[in-house]
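**Student:** Dumping the structure here so I can ask a few things about it.
There are 2 protein chains.
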Amino acid sequence: MSSDKIQDLISKSIAYASDNYGAPPDFNVLLNPRLIPEQYFGFSRGEMPVIRVAGGRAQDALRSLLVLEAALGLGQIIIVHHTDCGMMHLTDAGIKAFFKEKCPHKSADLDAMDFDAIVDGDLQKSVRTDIGLLKESPYFSKDLVVTGMIFDMNTGKVQMVN
Amino acid sequence: MSSDKIQDLISKSIAYASDNYGAPPDFNVLLNPRLIPEQYFGFSRGEMPVIRVAGGRAQDALRSLLVLEAALGLGQIIIVHHTDCGMMHLTDAGIKAFFKEKCPHKSADLDAMDFDAIVDGDLQKSVRTDIGLLKESPYFSKDLVVTGMIFDMNTGKVQMVN
Chain A
1 MSSDKIQDLI SKSIAYASDN YGAPPDFNVL LNPRLIPEQY FGFSRGEMPV
51 IRVAGGRAQD ALRSLLVLEA ALGLGQIIIV HHTDCGMMHL TDAGIKAFFK
101 EKCPHKSADL DAMDFDAIVD GDLQKSVRTD IGLLKESPYF SKDLVVTGMI
151 FDMNTGKVQM VN
Chain B
163 MSSDKIQDLI SKSIAYASDN YGAPPDFNVL LNPRLIPEQY FGFSRGEMPV
213 IRVAGGRAQD ALRSLLVLEA ALGLGQIIIV HHTDCGMMHL TDAGIKAFFK
263 EKCPHKSADL DAMDFDAIVD GDLQKSVRTD IGLLKESPYF SKDLVVTGMI
313 FDMNTGKVQM VN
């Protein structure tokens, strides 16, 4: 995808923000899965595969990305994390403690999991970490373009992460 | 979520199908991530968390579901697999062979992964397997309601899996 196309996506998301974010959004649901990129990027059904996982973290999306790579070949991945994400308010240790209390017999399984919470609410860092993970992954082409963005839940606008 | 609410979702998806599926959809993108449930269920941004992973498989969505359970508590999960899914045309062995040829040094990592392809194109079975996985999981409440559906890419309609 060319930088013109990226610019086009950003333009569409700005138009969407202007049309839909006159008032602050409703915050009833607190997870990354509340973003609907087809709306804010203005692309249509089937135009672009979308993976939605908690926090938008690349490690957790890896299985889906490998399937896409094997099936279609990936030229470009756009990572979008968002402000006020639930994963900024949780910690790996907190999530594990919650489930260990409920299921003490699953402690070893839980310790083996990585919930990949967004540490210190630093979205620039979480996006950069995930760009690095995909750029350095041996599974994808060296030509893979990985773009990082932060979606502002208050304004509906995206900001590029360099 | 009551069965009335499920019925309401199905009604909305039928209205969506009727409005949007006069002609067969464009099949340029072949992955589960092409479904936009906010459209076919008619719910709005933020109303319902949505997880989108290849094949819509529950095992791969587990990290996101545990985050949701810890953050909000889950009362109901709706699993939607769809016809003509890319994961019906791929196999675990095929995906692993593809990447092992590219990255022979990652063979052990690949063997440890489960791509959870939909075997024999049997969507009834893949949905039932995933309902069972979540219903039997010790991490969720015994009262968790898990509903399974198959989305028909040709008609845009959903069918319940019992």
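Residue numbers (the numbering used here), protein chains in the order written: chain A, 1 to 162; chain B, 163 to 324.
By construction, the Cβ of each residue, glycine as well, lies at the ideal position given by its N, Cα and C atoms.
These numbers come from a predicted model, not from an experiment.
#1: With distances taken between CB atoms, is the gap from His82(A) to Val127(A) smaller than 8 Å?
#2: So what's Arg219(B) in DSSP terms, helix, strand or just coil?
#3: Please classify Thr67(A): does DSSP put it in a helix, a strand, or coil?
#4: Determine the extent of the alpha helix (DSSP H) in which Phe99(A) is found, giving its start and end residues.
#5: For Asp305(B), count neighbouring Cβ atoms within 10 angstroms of its own Cβ and tell me buried if that reaches 16, exposed if not.
#6: With a threshold of 8 Å between beta carbons, is Pro24(A) in contact with chain B?
#7: So, does the CB of Met113(A) fall closer than 8 Å to a CB anywhere in chain B?
#8: Helix, strand or coil for Leu133(A)? Go by DSSP, reduced to three states.
#9: Could you check how far apart the C-beta atoms of Ile79(A) and Asp130(A) are, in whole angstroms? I think they sit under 8 Å.
#10: How about Asp222(B) and Ser137(A): are their beta carbons less than 8 Å apart?
#11: For Phe151(A), which beta-bridge partners are listed by DSSP?
#12: Taking 8 Å as the threshold (C-beta atoms), are Val215(B) and Val53(A) in contact?
#13: To which residues of the same chain is Asp274(B) closer than 8 Å at the C-beta, ignoring the five residues directly before and after it?
#14: Can you pull the chain B neighbours of Val158(A), defined as C-beta to C-beta under 7 Å?
#15: Which first and last residues belong to the alpha helix (DSSP H) in which Ala279(B) is found?
#16: Along the segment 52-65 of chain A, where does the CB come closer than 7 Å to a CB of chain B? Name the residues.
#17: Please state whether DSSP places Val308(B) in a helix, a strand or coil.
#18: Taking the straight line between their C-alpha atoms, what separation do you get for Phe140(A) and Ala259(B)?
#19: Val127(A) CB to nearest chain B CB: under 8 Å?
#20: Give me the Cα-Cα distance between Leu285(B) and Ile312(B), rounded to the nearest whole angstrom.
#21: In its own chain, which residues sit with a C-beta less than 6 Å from the C-beta of Thr253(B), not counting the 5 before and 5 after it?
#22: Run the CB neighbour count on Gly86(A), radius 10 Å, all protein chains shown included, and call it buried at 16 or more, exposed below.
#23: Show which residues of chain B have a CB atom less than 9 Å away from the CB atom of Leu164(A).
#24: Output yes if chain A places a C-beta closer than 8 Å to the C-beta of Cys247(B); else output no.
**Tutor:** To lay it out plainly:
#1: Position 82 of the first sequence holds residue 82(A). Position 127 of the first sequence holds residue 127(A). Cβ atoms of His82(A) and Val127(A): not closer than 8 Å.
#2: Taking the first residue of the second sequence as 1, we reach residue 219(B) at position 57. Here Arg219(B) sits in coil by DSSP.
#3: Counting from one through the first sequence, the residue named residue 67(A) turns up at place 67. Per the sequence shown, the amino acid found at residue 67(A) is Val instead of Thr. Correct three-state label for Val67(A): helix.
#4: Locating residue 99(A) in the first sequence gives position 99, where the first residue counts as 1. Note, Phe99(A): alpha helix (DSSP H), Asp92 to Lys102.
#5: Locating residue 305(B) in the second sequence gives position 143, counting from the first residue. Its Cβ having fewer than 16 others within 10 Å, Asp305(B) is exposed.
#6: Taking the first residue of the first sequence as position 1, residue 24(A) is located at position 24. Here Pro24(A) scores only 31 on pLDDT, less than 50, and its place in the model should not be relied on; the value that follows carries that caveat. Taking 8 Å as the CB threshold, Pro24(A) stays off the interface with chain B.
#7: Here residue 113(A) is taken as the residue at index 113 of the first sequence, counted from 1. Yes, Met113(A) lies at the interface with chain B (some Cβ there is under 8 Å from its Cβ).
#8: Working through the first sequence from its first residue, we reach residue 133(A) at position 133. Here Leu133(A) sits in helix by DSSP.
#9: By 1-based counting over the first sequence, the position of residue 79(A) is 79. By 1-based counting over the first sequence, the position of residue 130(A) is 130. Going by Cβ atoms, the distance from Ile79(A) to Asp130(A) rounds to 5 Å, so yes, they are a contact pair.
#10: Taking the second sequence and counting its residues from 1, the one referred to as residue 222(B) is at position 60. Taking the first sequence and counting its residues from 1, the one referred to as residue 137(A) is at position 137. Contact: no.
#11: Numbered from its first residue, the first sequence carries residue 151(A) at position 151. Beta-bridge pairing links Phe151(A) to His82(A) and Val158(A).
#12: The sequence position of residue 53(A) within the first sequence is 53, counting from 1. The sequence position of residue 215(B) within the second sequence is 53, counting from 1. Against a cut-off of 8 Å, the Cβ pair of Val215(B) and Val53(A) comes out as a contact.
#13: Sequence index remark: in the second sequence, residue 274(B) carries index 112 (1-based). Looking at the sequence itself, residue 274(B) is Ala, so the reference to Asp does not match. Cβ neighbours of Ala274(B) beyond the five flanking positions: none.
#14: Taking the first sequence and counting its residues from 1, one reaches residue 158(A) at position 158. Correct list: empty, because the minimum Cβ distance to chain B is about 15 Å.
#15: The residue labelled residue 279(B) in the question sits at position 117 within the second sequence. Run containing Ala279(B): none; DSSP gives neither H nor E here.
#16: For the segment 52-65 of chain A, which is checked against every Cβ of chain B, the residues closer than 7 Å are Arg52, Val53, Ala54, Asp60, Arg63 and Ser64.
#17: As a working note, residue 308(B) is residue 146 in the second sequence. Strand, per DSSP.
#18: Residue 140(A) sits at position 140 when you count from the first residue of the first sequence. Residue 259(B) sits at position 97 when you count from the first residue of the second sequence. The straight-line gap from Cα to Cα measures roughly 15 Å.
#19: Indexing the first sequence from 1 puts residue 127(A) at position 127. Chain B, which has no Cβ nearer than 8 Å to the Cβ of Val127(A), makes this no.
#20: Within the second sequence, the letter at position 123 stands for residue 285(B). Within the second sequence, the letter at position 150 stands for residue 312(B). Each residue's Cα considered, the two are about 7 Å apart.
#21: Within the second sequence, numbered from 1, the residue matching residue 253(B) stands at position 91. In its chain, beyond the 5 residues on either side, Ala279 have a beta carbon closer than 6 Å to the beta carbon of Thr253(B).
#22: Working through the first sequence from its first residue, we reach residue 86(A) at position 86. Label assigned to Gly86(A): buried.
#23: No answer is possible for residue 164(A): the residues shown for chain A start at 1 and end at 162.
#24: Numbered from its first residue, the second sequence carries residue 247(B) at position 85. Not one chain A Cβ lies under 8 Å of Cys247(B).
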